[in-house]
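Peer 1: First residue of the sequence shown? That's 1 in this note's numbering, and the numbers climb one at a time after it.
Every residue, glycine too, gets a C-beta built ideally from N, C-alpha and C.
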Amino acid sequence: LEPTALDMTAVDFYGVSYRISTPQSKNIIKFSMLMQCFKELVQWGAQDMLHKEYGAYILAETESGYDFSLEFDLQKLPEDKVIQQKISFKPYHGFSHLIIMTICLLEEREALVKKVSLIKRNLLAQPFERAFEQQAQYEAEEQTNPTPVLMQIHYRDQETIYIQAQYDRVTVIFSTLFKEETDRIFGRVFLQEFVDARRRPAIQKAPQVLYSSKDPPLEIRYLSESQNEDVGYVTF
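#1: Less than 7 Å between C-beta atoms, sequence neighbours within five positions excluded: which residues of the same chain meet that for T171?
#2: First and last residue of the alpha helix (DSSP H) that includes T182?
#3: Using 8 Å as the threshold, is the stretch 15-33 in touch with the stretch 56-71, meaning 3 or more CB pairs across them?
#4: Would G15 be called buried (16 or more neighbouring beta carbons within 10 Å of its own) or exposed?
#5: In angstroms, rounded to a whole number, what distance separates the CA positions of A10 and S17?
#6: Can you give the Cα-Cα distance for M8 and E141, rounded to whole angstroms?
#7: Helix or strand or just coil, what does DSSP make of G65?
#8: Return the first residue and the last residue of the alpha helix (DSSP H) that K114 is part of.
#9: Within 10 angstroms of the Cβ of I173, are there 16 or more other Cβ atoms? Answer buried if so, exposed if not.
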């Protein structure tokens with residue numbers, strides 16, 4: 001396919017804004033991203049992850065209005081390579097047919113495309129990975145009563161993910177806001193299923209799930225932002 005000029009902007013369900021453009025050349029694609037909670041994620045290792053996974057493509061000067069930008073030169077993308085070639089003869093009705101089977105290494109470019117498509121997932125994973133590392137450290141050092149930081153990720157307007165490591169567990173709390181009464185009813189029924197599912201004999205040993213439609217969990221009850229009767233909480 002021939003390179004073409006691009007200037008596309010998209011916004012997903014969580015309000016994350018993406019822009020793909022070719023401002024200088026059709027062969028150079030710029031990818032920029034704006035995320036409401038990006039600065040909070042930076043506290044928990046997002047910047048390190050970006051340099052580790054996308055370092056070769058990070059622009060030193062971020063596009064105006066976005067949190068970070070990547071740039072891809074279509075003429076310098078990873079090349080696919082032939083990794084195996086097998087030659088064999090197969091008899092067929094008295095004749096021998098030459099069969100050449102070539103297996104190509106397509107993972108290089110496909111992996112890059114997949115890596116870029118997972119960039120939001122990789123960013124949001126950083127506080128979770130940090131919490132898992134903290135929990136493992138507490139357990140290894142036998143800190144049975146640690147004082148961990150409550151990580152807060154305001155990923156949507158009036159909705160937050162709270163993550164906290166303890167000695168024997170990692171607690172994750174999702175706050176959910178349903179503005180319409182009908183949405184609140186459906187949301188309550190759906191989220192209650194997480195709690196009720198554990199009553200089944202086959203999954204009784206699964207980690208506990210709690211749901212509250214009004215009262216915030218103890219871990220965040222002291223926060224002023226949790227005092228909203230329209231917000232529900234799912235705790236894993």
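Peer 2: This is what the structure holds:
#1: Q164, E219, T235
#2: 181-196
#3: yes
#4: exposed
#5: 6 Å
#6: 50 Å
#7: coil
#8: 107-117
#9: buried
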